[in-house]
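Asker: Residue numbers (our numbering): 9 to 621. Every residue gets a Cβ at the ideal spot worked out from N, C-alpha and C, and that includes glycine.
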Ligand SMILES: Nc1ncnc2c1ncn2[C@@H]1O[C@H](COP(=O)(O)OP(=O)(O)OP(=O)(O)O)[C@@H](O)[C@H]1O
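Here it is, written out as structure tokens:
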């Protein structure tokens with residue numbers, strides 16, 4: 009039999025087929041012993057009941073063919089009906105248990121994915137192409153829950169029902185008619201099944217090879233319904249263009265896919281049919297030739313079991329797709345977990361207290377996949393308790409410096425010293441409790457306004473007074489009080505009772521978050537473009553209160569707005585990955601270098617716009 013299967017599709021295909029079918033069993037224990045036991049039992053029974061139905065029906069038919077013997081006929085009739093009804097009921101139970109098992113397994117795999125994603129305290133594993141790809145596959149399959157590991161695990165158990173049914177029918181034919189007929193029937197069903205799964209695997213591989221066009225279709229579909237891009241698509245009149253582009257991308261994907269589908273299914277189907285049909289014809293011809301000598305019951309049983317078994321050579325919708333591709337998300341999580349460890353900033357020494365300066369000492373940093381460093385032999389001192397502003401052209405590396413300070417990445421070479429202690433050797437979590445950051449692309453959490461501020465310090469989310477004070481310090485308290493449920497209003501318009509904020513209001517929420525962190529023990533404040541969306545009055549107010557807000561904190565201020573920057577104690581100009589100039593505003597203006605030129609350009613714009621009285 010194995011030789012026959014190999015002849016149809018090759019030995020590699022046979023091994024791959026067995027491996028794919030059983031791969032889901034690896035995750036089955038994650039569903040819990042009780043659920044697995046229940047699912048296994050219902051799968052076994054629902055597989056045996058159709059065979060029992062065939063046996064009972066053949067008894068009924070056999071008895072009907074002879075002189076009718078009332079009570080016996082009735083008993084077998086009741087057995088056949090009972091088997092049919094019980095199978096219907098148990099099929100529902102089996103579906104429910106399979107769903108439960110799949111959800112539990114997917115829950116466990118999702119938890120593992122989150123643990124792996126958060127295990128790297130830096131961003132390296134979330135920005136490396138190989139890890140990003142693995143994570144994307146895993147997240148998509150787990151979210152959709154259709155081709156997920158849970159479905160693969162549950163389907164591997166549910167497959168037992170089909171196996172029991174197949175074995176039962178073949179046994180019936182072997183016992184009622186001839187052992188060789190049972191064996192031939194078993195082989196033919198296996199052959200058709202092998203061809204089905206082989207075709208499915210090849211089709212899945214062809215679909216994988218078309219992942220690029222499929223990704224484009226996904227993206228274009230999302231683009232057409234996303235509110236953000238929706239504004240531009242309407243205003244620029246891109247609807248027709250989007251429609252055409254989606255149509256072109258769809259055809260570019262569909263045509264090769266259908267060609268691959270024909271190739272995957274047709275060739276094995278022809279070979280299987282060439283072997284399988286004559287084999288079945290042989291069994292039926294033998295039955296026709298000798299059937300007259302068989303007792304009626306055995307004859308009917310052979311016919312019913314043969315037809316039942318042949319039906320099992322088909323595609324199994326509850327099993328095949330799930331067991332063929334379902335474990336990919338699981339393997340992707342494995343791959344991600346294996347790759348993610350590499351970039352994790354290590355260290356366990358207690359974090360320094362930031363009483364002295366923070367010093368970048370010969371720091372060099374290159375992003376993964378890039379060949380040129382963003383920062384190169386950077387020497388920079390951030391005095392304790394003072395505000396240092398960092399300025400520089402787009403792409404100079406200002407935000408990268410912020411990420412290194414927050415230890416989202418570690419330097420390739422060089423050190424960041426805090427009170428003389430190398431940050432690379434310290435405990436990341438402890439260091440982060442000392443640092444409050446407002447990123448340029450800060451997060452907008454789909455949570456209440458209070459939570460959006462309180463998340464600045466994990467833990468004291470119930471510090472309502474602290475949240476109010478931070479909101480007041482960032483100049484957003486009055487706006488939040490006007491919301492339908494005040495601080496408890498969800499900041500997401502699609503949530504019940506939720507609302508959205510303006511860009512500047514969101515920025516003040518992000519500032520309030522950093523201020524809240526300062527209230528809860530942070531001593532280093534990093535503000536990356538904190539006033540980019542603020543109106544002139546709010547920005548002026550922010551800087552009037554800035555000294556009070558940041559009192560005692562070592563502050564790093566990244567900004568392109570020189571009205572903001574000039575308030576800093578100390579200004580640093582970054583260029584070519586290093587410090588190009590440093591000093592106070594007045595010193596740098598007197599120097600007449602890059603800073604003075606940039607300041608002059610920006611100031612001139614304001615002067616030009618002044619309208620003469
Ligand atoms: N995740 C990343 N992967 C690869 N390259 C990156 C990544 N992030 C930033 N870069 C590159 O690093 C360089 C510095 O970027 P960075 O964001 O630090 O500049 P910036 O000075 O903050 O710029 P801007 O003033 O525009 O905000 C840029 O050339 C950018 O393309």
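From which residue to which residue does the beta strand (DSSP E) around residue 389 run?
Answerer: Against the chain shown, residue 389 aligns to sequence position 381. Segment 383-390, the beta strand (DSSP E) holding residue 389.
Asker: Using a threshold of 8 Å, is the CB atom of residue 376 nearer than that to any non-hydrogen atom of ligand 1?
Answerer: Residue mapping note: residue 376 aligns to position 368 of the chain shown, counting from 1. Correct: residue 376 has its Cβ closer than 8 Å to ligand 1.
Asker: Cβ of residue 460 versus every heavy atom of ligand 1: is any distance shorter than 8 Å?
Answerer: Stepping through the chain shown from its first residue, residue 460 is reached at position 452. It does not: the Cβ of residue 460 is nowhere closer than 8 Å to a heavy atom of ligand 1.
Asker: Taking 8 Å as the cut-off, does the CB of residue 448 come closer than this to any heavy atom belonging to ligand 1?
Answerer: The residue you call residue 448 lines up with position 440 of the chain shown. Yes, the Cβ of residue 448 comes within 8 Å of a heavy atom of ligand 1.
Asker: Using the three-state DSSP reduction, which class does residue 156 fall into: helix, strand or coil?
Answerer: For the purposes of this step, residue 156 is taken as the residue at position 148 of the chain shown. Residue state, collapsed to three classes: coil.
Asker: Please indicate yes or no: does the CB of residue 568 lie closer than 8 Å to some heavy atom of ligand 1?
Answerer: Residue 568 sits at position 560 when you count from the first residue of the chain shown. Yes, ligand 1 has a heavy atom inside 8 Å of this Cβ.
Asker: Quick one: does the C-beta of residue 388 sit closer than 8 Å to a heavy atom of ligand 1?
Answerer: Numbered from its first residue, the chain shown carries residue 388 at position 380. No, the Cβ of residue 388 stays beyond 8 Å of every heavy atom of ligand 1.
Asker: If you drop the 5 nearest sequence neighbours on each side, which residues of the same chain put their C-beta closer than 7 Å to that of residue 224?
Answerer: Position 216 of the chain shown, counted from the start, is the residue given in the question as residue 224. Result list for residue 224: 257, in chain order.
Asker: Just the Cα atoms here: how many angstroms apart are residue 607 and residue 570?
Answerer: Within the chain shown, numbered from 1, the residue matching residue 607 stands at position 599. Within the chain shown, numbered from 1, the residue matching residue 570 stands at position 562. Using only the alpha carbons, I get a separation of about 6 Å.
Asker: Would you identify the three-state DSSP class for residue 167, choosing helix, strand or coil?
Answerer: Taking the chain shown and counting its residues from 1, one reaches residue 167 at position 159. Residue state, collapsed to three classes: helix.
Asker: Name the DSSP beta bridge partners of residue 536, please?
Answerer: Taking the first residue of the chain shown as position 1, residue 536 is located at position 528. 566.
Asker: Looking at residue 136 and residue 377, is the spacing between their C-beta atoms short of 9 Å?
Answerer: For the purposes of this step, residue 377 is taken as the residue at position 369 of the chain shown. For the purposes of this step, residue 136 is taken as the residue at position 128 of the chain shown. In this structure, residue 136 lies closer than 9 Å to residue 377 by Cβ.
Asker: Would you decide whether residue 428 is buried or exposed? Buried here means 16 or more other CB atoms lie within 10 Å of its CB.
Answerer: Within the chain shown, the letter at position 420 stands for residue 428. That one is exposed.
Asker: Closer than 8 Å: is that where the CB of residue 239 sits relative to any heavy atom of ligand 1?
Answerer: The sequence position of residue 239 within the chain shown is 231, counting from 1. Not under cutoff, so the answer is no.
Asker: With a Cβ-Cβ cutoff of 9 Å, do residue 572 and residue 394 count as a contact?
Answerer: Reading the chain shown from its first residue, position 564 is the one you call residue 572. Reading the chain shown from its first residue, position 386 is the one you call residue 394. Contact: no.
Asker: At which residue ranges does the region 453-518 contain complete alpha helix (DSSP H) runs of 4 or more residues, listed in the order of the chain?
Answerer: Entirely contained in the region 453-518, the alpha helix (DSSP H) runs reaching 4 residues are, in chain order, 457-462, 472-481, 485-489.
Asker: Chain C beta carbons: is any one of them nearer than 9 Å to that of residue 141?
Answerer: The question asks about chain C, but that chain is absent: this structure has only one protein chain.
Asker: To the nearest whole angstrom, what separates the beta carbons of residue 150 and residue 48, a pair I think is in contact under 8 Å?
Answerer: The residue labelled residue 150 in the question sits at position 142 within the chain shown. The residue labelled residue 48 in the question sits at position 40 within the chain shown. Incorrect: roughly 24 Å between the Cβ atoms, too far for contact.
Asker: Is residue 171 buried or exposed, if buried means 16 or more other CB atoms sit within 10 Å of its CB?
Answerer: Sequence index remark: in the chain shown, residue 171 carries index 163 (1-based). So residue 171 counts as exposed.
Asker: Label residue 416 either buried or exposed according to how many other C-beta atoms from any shown protein chain fall within 10 Å of its C-beta, with 16 as the threshold for buried.
Answerer: Along the chain shown, one-based indexing puts residue 416 at 408. The residue is buried, with at least 16 neighbouring Cβ atoms inside 10 Å.
Asker: State the CB to CB distance for the pair residue 211 and residue 148, rounded to an integer number of angstroms; the pair is presumed to be in contact (CB under 8 Å).
Answerer: As a position in the chain shown, residue 211 is number 203, starting the count at 1. As a position in the chain shown, residue 148 is number 140, starting the count at 1. Actually they are not in contact, since the Cβ atoms of residue 211 and residue 148 sit about 19 Å apart, beyond 8 Å.
Asker: Just checking, does the region 94-113 make contact with the region 371-391 on the three C-beta pairs under 8 Å criterion?
Answerer: Short answer: they don't touch.
Asker: When every heavy atom of ligand 1 is checked, does at least one fall within less than 8 Å of the C-beta of residue 139?
Answerer: As a first step, residue 139 must be located in the chain shown, where it is residue number 131. Every heavy atom of ligand 1 is 8 Å or more from the Cβ of residue 139, so no.
Asker: Compare the beta carbon distance of residue 529 and residue 441 with 9 Å and say whether it is the shorter of the two.
Answerer: For the purposes of this step, residue 529 is identified with residue 521 of the chain shown, where counting begins at 1. For the purposes of this step, residue 441 is identified with residue 433 of the chain shown, where counting begins at 1. Yes, Cβ-Cβ distance for residue 529 and residue 441 is below 9 Å.
Asker: Could you pull out every residue in the same chain whose Cβ sits closer than 7 Å to the Cβ of residue 291, ignoring the five residues on either side in sequence?
Answerer: Working through the chain shown from its first residue, we reach residue 291 at position 283. Once the five neighbours on either side are set aside, the close Cβ partners of residue 291 are 189, 192, 193, 314.
Asker: What are the boundary residues of the alpha helix (DSSP H) that residue 593 is part of?
Answerer: Indexing the chain shown from 1 puts residue 593 at position 585. Its alpha helix (DSSP H) spans residues 593-599.
Asker: Could you tell me whether the region 301-311 touches the region 104-114, using the rule of 3 or more Cβ pairs below 8 Å?
Answerer: These segments do not touch.
Asker: Is any non-hydrogen atom of ligand 1 found closer than 8 Å to the C-beta of residue 198, if you look at the structure I gave you?
Answerer: Along the chain shown, one-based indexing puts residue 198 at 190. No, ligand 1 has no heavy atom inside 8 Å of this Cβ.
Asker: Would a C-beta distance cut-off of 9 Å place residue 535 and residue 445 closer than the cut-off?
Answerer: Counting from one through the chain shown, the residue named residue 535 turns up at place 527. Counting from one through the chain shown, the residue named residue 445 turns up at place 437. For residue 535 and residue 445, yes; Cβs fall inside 9 Å.
Asker: Using 8 Å as the cut-off, classify the Cβ of residue 556 as near or not near the heavy atoms of ligand 1, replying yes or no.
Answerer: By 1-based counting over the chain shown, the position of residue 556 is 548. Residue 556 Cβ: outside cutoff for every heavy atom of ligand 1.
Asker: With residue 313 as the anchor, note down where its alpha helix (DSSP H) starts and where it stops.
Answerer: Here residue 313 corresponds to residue number 305 of the chain shown, with the count starting at 1. Segment 304-319, the alpha helix (DSSP H) holding residue 313.
Asker: Using C-beta distances below 6 Å, list every residue in its chain close to residue 527, excluding the 5 sequence neighbours before and after it, in chain order.
Answerer: Translated into positions along the chain shown, residue 527 becomes position 519. Answer for residue 527: 474, listed in chain order.
Asker: Less than 8 Å between the CB atoms is what I'm expecting for residue 331 and residue 62, so what's the real figure, rounded?
Answerer: For the purposes of this step, residue 331 is taken as the residue at position 323 of the chain shown. For the purposes of this step, residue 62 is taken as the residue at position 54 of the chain shown. The Cβ separation is near 26 Å, so there is no contact.
Asker: Classify residue 190 as helix, strand or coil using the three-state DSSP reduction.
Answerer: One-based indexing of the chain shown puts residue 190 at position 182. Three-state DSSP puts residue 190 in a helix.
Asker: Take residue 344 and list the residues in its own chain whose beta-carbon comes closer than 8 Å to its own, dropping the five residues that flank it on each side.
Answerer: On the chain shown, residue 344 is found 336 positions in, with the first residue counted as 1. Excluding sequence neighbours, residue 344 sits near 121, 124, 125, 133, 139, 142, 143, 146.
Asker: Assuming residue 548 is part of the alpha helix (DSSP H), what are its boundary residues?
Answerer: Here the question's residue 548 lines up with position 540 in the chain shown. Per DSSP, residue 548 belongs to the alpha helix (DSSP H) from 544-552.
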